[in-house]
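S.K.: So the number in the working numbering is just where the residue sits in the sequence shown, counting from 1, plus 1. For every residue, glycine included, the Cβ atom is placed at its ideal position computed from N, Cα and C.
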Amino acid sequence: MQFLAKLFITISIIIVCARIGKQFPTLAGLIATMPLTGLIILIWLYSDNPGNFNLMKDYTRGALWGIIPSALFFISAYFLFRREISIGFVIGISFAIWLIAAFIHQWFLR
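1) Alpha carbon to alpha carbon, how far is F104 from N53? Give it in angstroms, no decimals.
2) Can you name the start and end residues of the alpha helix (DSSP H) that F4 belongs to?
3) Whole angstroms are fine: how far does the CA of Q3 sit from the CA of P70?
4) Could you say which of I21, A33, G22 lies nearest to T11 if we only look at CA atoms?
5) If we count the other Cβ atoms within 10 Å of its Cβ and call it buried at 16 or more, is S87 buried or exposed?
6) Which residues in the same chain as N50 place their Cβ atom closer than 7 Å to its Cβ, once the five residues preceding and following it in sequence are excluded?
7) Shortest alpha-carbon distance to Q107 belongs to which of R62, A78, I16, G89?
8) Taking W99 as the reference, give the member of L110, F75, F82, E85 with the closest Cα.
9) With a threshold of 16 other CB atoms inside 10 Å of the CB of S13, please say whether the residue is buried or exposed.
10) Going by Cα to Cα distance, which pick from D59, C18, F109, R83 is closest to L37?
See the structure below:
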């Protein structure tokens, strides 16, 4: 039951963000990147592992440094969309850049 509640909340956030994006795309972008999802995960991790501050510390460190691969994804997507590149190509290239940065992220945080 707890898993279904988490799933419902997560899906609701994505749907609300997508609907807002139709009218206010920059606001939807802000909502999508705000620490709301990180906060929800932080609360769920803590509720599943109360008192495990090492887990919380490691999660927040990973999230903090994870901003860099995410920023690279959106920076590359922005510049590709400015050139009016197709969405499939934009997603593919941006994800490849994110994936390379994510591997570096994981190697760096070992």
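M.R.: From the atom records:
1) It is roughly 26 Å from the alpha-carbon of N53 to the alpha-carbon of F104.
2) Run containing F4: 3 to 24, per the alpha helix (DSSP H) assignment.
3) Taking the straight line from one Cα to the other gives about 30 Å.
4) A33
5) S87 is classed as exposed because its beta carbon has fewer than 16 other beta carbons within 10 Å across all chains shown.
6) L56
7) R62
8) Out of L110, F75, F82, E85, F75 has the C-alpha closest to the C-alpha of W99.
9) exposed
10) C18
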